[in-house]
Structure formats: structure tokens, C-alpha cells
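Novice: Residue numbering for the sequence shown follows our numbering, beginning at 106 and increasing consecutively.
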Amino acid sequence: MIFKSIIVGPLQVNCFVLACEKTLEGIIVDPGDNIPEVIELVLEDDIRVVEVVATHGHYDHIAHAASAVRETGAPFAIHPADRFEVENLVEIAGSMGMDAEPPPRIDRFLQEGDVVRMGEETLEIVHTPGHARGNITLKWPGHAIVGDSLFAGSIGRTDLPGGDADLLLKSIREKILILEDETKIYPGHGPFTTVGLEKTNNPFFAGGPGVW
Numbered sequence: 106m107i108f109k110s111i112i113v114g115p116l117q118v119n120c121f122v123l124a125c126e127k128t129l130e131g132i133i134v135d136p137g138d139n140i141p142e143v144i145e146l147v148l149e150d151d152i153r154v155v156e157v158v159a160t161h162g163h164y165d166h167i168a169h170a171a172s173a174v175r176e177t178g179a180p181f182a183i184h185p186a187d188r189f190e191v192e193n194l195v196e197i198a199g200s201m202g203m204d205a206e207p208p209p210r211i212d213r214f215l216q217e218g219d220v221v222r223m224g225e226e227t228l229e230i231v232h233t234p235g236h237a238r239g240n241i242t243l244k245w246p247g248h249a250i251v252g253d254s255l256f257a258g259s260i261g262r263t264d265l266p267g268g269d270a271d272l273l274l275k276s277i278r279e280k281i282l283i284l285e286d287e288t289k290i291y292p293g294h295g296p297f298t299t300v301g302l303e304k305t306n307n308p309f310f311a312g313g314p315g316v317w
């Protein structure tokens with residue numbers, strides 16, 4: 106699989122470009138900003154984007170998703186629980202002093218057990234709410250893009266609308282940390298990590314007090 110990442114926007118979101126090496130069909134995940142640079146990653150390998158996917162509806166992850174959709178002609182997909190955040194993107198971003206363009210139309214709602222196909226590659230959708238109602242994880246053997254649920258050494262904040270600390274911890278324990286220890290974790294912000302490292306070192310799961 107072709108796998109690329111780029112840090113975008115003022116809140117330093119990890120945006121991803123994934124593609125099937127054989128067919129060059131691919132997806133963009135969380136194109137929150139810096140769309141020209143994201144498209145450069147696509148064009149480097151002549152990737153044909155078949156879907157633009159958001160791990161959740163917070164503005165930093167989707168502020169310029171419409172540009173990614175417009176540049177690629179690909180449909181936009183997100184979990185239905187974050188429909189409100191998409192439809193009210195401009196207002197929500199503005200209330201936090203941030204800019205966003207009008208959102209793309211939602212072409213597909215991604216739910217637990219759905220798959221994202223790109224050529225001969227398949228990613229499974231796992232619903233991992235808690236940081237946001239609609240946070241999803243995209244997983245494939247040995248890898249997981251987890252949105253803002255789990256970070257290296259921490260977890261997502263739960264003080265925003267739709268946040269639920271107990272639900273977030275449950276999501277991480279029951280749907281992410283059950284993966285093989287060697288599984289690479291790609292969070293929505295910050296450095297990449299592994300399941301094994303988080304089980305051992307993350308204060309929320311390794312017995313320490315932790316800091317939100």
C-alpha cells in the first residue's frame with residue numbers, strides 16, 4: 106500500500122493519502138487544510154482519489170475538505186453522528202476564531218463494519234466515539250488511523266460538544282488496544298505510535314494518573 110502523511114493547518118492535523126500500489130486508486134483522510142500540498146502528494150504517484158474520508162467532524166479535520174473534493178472529484182464520507190458538525194462547519198469554526206470554507210455534501214455515511222475500498226486494498230471502519238460522537242478508526246492489517254481518540258502518551262479531549270470521557274476510554278480499550286501490539290497507530294495529531302507502546306506507556310492505560 107502507498108502511505109503518505111502531511112501535517113496541515115494551524116492545529117497541526119495529520120492528513121493521510123493512501124492508495125493501492127497496483128491500481129493507484131486511493132483516498133485522502135482528514136484534509137483539514139493545505140490542500141495544494143495534499144494534492145501534490147496525490148499527483149506524485151498519479152493516484153486516482155476515490156473517496157475523501159473524515160475521521161470525525163471537528164473543523165480542524167474538515168475545514169477545507171470541500172477543496173479536496175473539488176480538486177479530486179471524489180465523494181466525501183463521514184460517520185452520521187457528526188453530520189451536524191459538517192453542516193454547521195463555517196459557524197462552528199468561526200466561533201473558535203478559525204476559518205473554514207462551506208462544507209462538501211456528504212455522499213456516504215460510514216458506520217461500524219463498513220469498508221473503504223481502493224483497488225485491491227480494503228480498510229475496515231470501526232466506530233470509536235468519545236472525543237467526538239462520530240470518531241472512526243480506519244484499520245487494516247498492522248495499521249490503524251484513529252482520529253483524535255488515542256495519541257502517543259495521551260487521549261483525545263472530551264470537553265467539546267459530543268465528548269464523553271468514559272465512552273472514549275471504552276472505545277480505546279475495546280476497539281484499539283485489542284489489536285496486535287505491533288499495530289502502528291496514526292493519530293489525528295502528533296507522532297505515530299504502536300498499540301504496544303500505548304499499553305505500556307500511556308498513563309491512561311498503564312496505571313499512571315495522566316493529564317488530559
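All C-beta atoms in this analysis are idealised placements derived from N, C-alpha and C, irrespective of residue type, glycine included.
Does the structure place the segment 190-201 close enough to the segment 217-234 that three or more beta carbon pairs sit under 8 Å?
Specialist: No contact exists between the segment 217-234 and the segment 190-201.
Novice: Report the CB separation of residue 215 from residue 241 in whole angstroms; it is logged as a contact under 8 Å.
Specialist: At roughly 6 Å, the Cβ-Cβ gap stays under 8 Å, so residue 215 and residue 241 are in contact.
Novice: Is residue 171 closer than 8 Å to residue 208 when the C-beta atoms are compared?
Specialist: Yes, Cβ-Cβ distance for residue 208 and residue 171 is below 8 Å.
Novice: Consult DSSP for residue 259 and reduce its assignment to one of helix, strand or coil.
Specialist: It is a strand residue.
Novice: Going residue by residue through the segment 149-183, where are the continuous beta strand (DSSP E) segments of at least 3 residues, counting only ones entirely within it?
Specialist: Counting whole runs of 3 or more residues, the segment 149-183 contains the beta strand (DSSP E) stretches 153-158, 181-183.
Novice: Is DSSP giving residue 306 helix, strand or coil here?
Specialist: Helix at residue 306.
Novice: Taking the alpha carbon of residue 160 as the point to measure from, which residue in 254, 129, 210, 153 has its own alpha carbon closest?
Specialist: Selected option, being the one with the closest Cα: 254.
Novice: Let me make sure I understand the geometry here. Which of 284, 283, 237 has the alpha-carbon closest to that of residue 263?
Specialist: Nearest C-alpha to residue 263: 237.
Novice: Quick check on the burial criterion: 16 or more other C-beta atoms within 10 angstroms. Buried or exposed for residue 156?
Specialist: So residue 156 ends up on the buried side.
Novice: Tell whether a beta-carbon distance below 8 Å holds between residue 125 and residue 106.
Specialist: Against a cut-off of 8 Å, the Cβ pair of residue 106 and residue 125 comes out as a contact.
Novice: Grab me the residues of residue 307's own chain with a C-beta within less than 6 Å of its C-beta, minus the 5 sequence neighbours each way, in chain order.
Specialist: Taken in chain order, the residues that qualify are 258.
Novice: So residue 143 and residue 113 are supposed to be a Cβ contact under 8 Å. How far apart are they, rounded?
Specialist: With a Cβ gap of about 7 Å, residue 143 and residue 113 count as contacting.
Novice: Between which residues of its own chain and residue 174 is the CB-CB distance below 7 Å, once the five residues before and five after are set aside?
Specialist: Answer for residue 174: 157, 181, 209, listed in chain order.
Novice: Once the 5 residues before and after residue 287 are set aside, which same chain residues still bring their CB inside 8 Å of it?
Specialist: Answer for residue 287: 247, 299, 300, 301, listed in chain order.
Novice: Is residue 188 helix, strand or coil when you go by DSSP?
Specialist: Residue 188: helix per DSSP, three-state reduction.
Novice: Using C-beta distances below 6 Å, list every residue in its chain close to residue 233, excluding the 5 sequence neighbours before and after it, in chain order.
Specialist: Answer for residue 233: 240, 242, 254, 276, 280, listed in chain order.
Novice: Give the straight-line distance between the Cα atoms of residue 317 and residue 123, rounded to the nearest whole angstrom.
Specialist: No answer about residue 317 holds up, because its pLDDT of 29 lies below 50 and its placement is not dependable.
Novice: Could you give the first and the last residue of the continuous beta strand (DSSP E) run that contains residue 249?
Specialist: It spans 248-252 - the beta strand (DSSP E) in which residue 249 sits, taken as one unbroken run.
Novice: For residue 275, name the three-state secondary structure that DSSP assigns.
Specialist: Helix, per DSSP.
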